[in-house]
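> Residue numbers (the numbering used here): 11 to 297.
Quick reminder that beta carbons are idealized off the backbone N, C-alpha and C, glycines included.
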Amino acid sequence: MVVGRRIGATGTRTRHLSADLTPSGSGDEGIVLRLEAVTKRYGTFTAVDGIDLAVPRGQIFGFLGPNGAGKTTTIRMIAGVLLPTSGRVFIGGNDLGREPEEAKSRLGYIPDRPHLYEKLSGREFIRFVAGLWGADGKDTEERGQRLLQLFDLSHWQDELVETYSHGMRQKLLITSAIVHQPELIVVDEPMVGLDPKSARTLKDLLRTYVENGGTVFLSSHTLEVVEAVCDTIAIIHEGRILARGTLEDLRRQADAGEAHLEEIFLKVTGGDGVAEIVANLQDTVAP
Ligand code: ATP
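In structure tokens, the structure reads:
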């Protein structure tokens, strides 16, 4: 089942960018991201506990979990910025541990706490990041221009990053992660700080990108967004995957009827008693 296929006004704009949003090397069938028994320990604390995941090409895969569940730790291991304690990560068939350059060349990473170079202009930053991926030249430059235009950043591209607002930084980061046409985009909390129009643009952009053969692995607390855009969803809690599948699959697994994702999420992660707890706290929270 596919959850959410709506392309609106900005969708039309992103469609015009179809060629820019076509990942290089797309067209292969199968699994683009595979995690095998991936574990991460910080000292004696196990943050991610032997998780297995297989993400098919051409999907937006949603990764959900309560605070501290292990989402960012998992995403950082997929992006290759954090080494697993044990287990393996494969990107497009390349083992990230053994063939890091090949694996990472297939990937675009949008972290939740980005580091941007303050003394570069937006245009310079994109050129710099694209260069790190080995993508340069006229085509990359033009693609960057079109993406900046899509996010209403063209007028700011020659200003220093230090003058950018939070949302503008987020949009610059998204542009820099997409400009080298990766096969897989891994994105941690993408909507935070974006105004409604930019959030919509990003949703449409990700959808267009998967329709052109790309794959998105997306972590977010914004359940309406996940419900609207994700084809498959996994819920992680205390370092373990508790449920996975389409929204329909999750409803079945959680025995949740026609419930929305929020109810399923609370049921699976043990948060469905929240209303009762708050009611019992009435005296404590009263003014
Ligand atoms: P949130 O939704 O709050 O961002 P998350 O699901 O992304 O949470 P992680 O950031 O992956 O969670 O953290 C998982 C667990 O690992 C948490 O208990 C956290 O305290 C712990 N943790 C994360 N980074 C470290 C670290 N560098 N050293 C020790 N413990 C860590």
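(1) Suppose the cutoff is 6 angstroms on Cβ atoms and the five residues either side in sequence are ignored; what does the same chain contact list for residue 167 look like?
(2) Could you check which residue in 239, 183 and 67 has the C-alpha nearest to that of residue 101?
(3) Kindly confirm or deny that the stretch 216-225 and the stretch 141-160 touch, where touching means at least three C-beta pairs closer than 8 angstroms.
(4) Per DSSP, what kind of secondary structure is residue 132 in: helix, strand or coil?
(5) Out of curiosity, what's the CA-to-CA distance linking residue 279 and residue 243?
(6) Leaving out five residues on either side along the sequence, give the residues of the same chain with a beta carbon under 6 angstroms from the beta carbon of residue 38.
(7) Which whole-angstrom value describes the C-beta separation of residue 193 and residue 231, a residue pair presumed to lie in contact below a C-beta threshold of 8 angstroms?
(8) First and last residue of the alpha helix (DSSP H) that includes residue 278?
(9) Touching or not, the stretch 102-121 and the stretch 182-196, by the rule of three or more beta carbon pairs under 8 angstroms?
(10) Tell me which same chain residues have a C-beta within less than 8 angstroms of the C-beta of residue 110, skipping the five on either side of it?
(11) Are residue 59 and residue 250 close, meaning C-beta to C-beta below 8 angstroms?
(12) For residue 277 and residue 215, I'd like the C-alpha separation in whole angstroms.
(13) What separation, rounded to the nearest whole angstrom, lies between the Cα atoms of residue 181 and residue 204?
(14) Please report the distance separating the alpha-carbon of residue 103 from that of residue 271.
By the coordinates alone:
(1) Indexing the sequence shown from 1 puts residue 167 at position 157. So the qualifying residues of the chain are 132, 133 and 158.
(2) Position 91 of the sequence shown, counting from 1, holds the residue named residue 101. The candidate whose alpha carbon is nearest that of residue 101 is 67.
(3) no
(4) Residue mapping note: residue 132 aligns to position 122 of the sequence shown, counting from 1. Here DSSP, grouped into helix, strand and coil, assigns residue 132 to helix.
(5) Numbered from its first residue, the sequence shown carries residue 279 at position 269. Numbered from its first residue, the sequence shown carries residue 243 at position 233. Approximately 14 angstroms, taken between the alpha carbons.
(6) By one-based count along the sequence shown, residue 38 stands at place 28. Unreliable placement is indicated for residue 38, whose pLDDT of 47 sits below 50; no coordinate value is reported for it.
(7) For the purposes of this step, residue 193 is taken as residue 183 along the sequence shown, with counting starting at 1. For the purposes of this step, residue 231 is taken as residue 221 along the sequence shown, with counting starting at 1. That pair is no contact at about 26 angstroms.
(8) Translated into positions along the sequence shown, residue 278 becomes position 268. Residue 278 -> alpha helix (DSSP H) spans 271-279.
(9) yes
(10) On the sequence shown, residue 110 is found 100 positions in, with the first residue counted as 1. Excluding its 5 nearest sequence neighbours in each direction, residue 110 has C-beta neighbours in its own chain below 8 angstroms: 90, listed in chain order.
(11) On the sequence shown, position 49 is the one that residue 59 refers to. On the sequence shown, position 240 is the one that residue 250 refers to. In contact: residue 59 and residue 250 (Cβ atoms closer than 8 angstroms).
(12) Along the sequence shown, one-based indexing puts residue 277 at 267. Along the sequence shown, one-based indexing puts residue 215 at 205. Rounded to whole angstroms, the separation of the alpha carbons of residue 215 and residue 277 is 31 angstroms.
(13) On the sequence shown, residue 181 is found 171 positions in, with the first residue counted as 1. On the sequence shown, residue 204 is found 194 positions in, with the first residue counted as 1. Those two C-alpha atoms are separated by around 8 angstroms.
(14) For this step, residue 103 is matched to residue 93 along the sequence shown. For this step, residue 271 is matched to residue 261 along the sequence shown. Residue 103 and residue 271 have their C-alpha atoms some 31 angstroms from each other.
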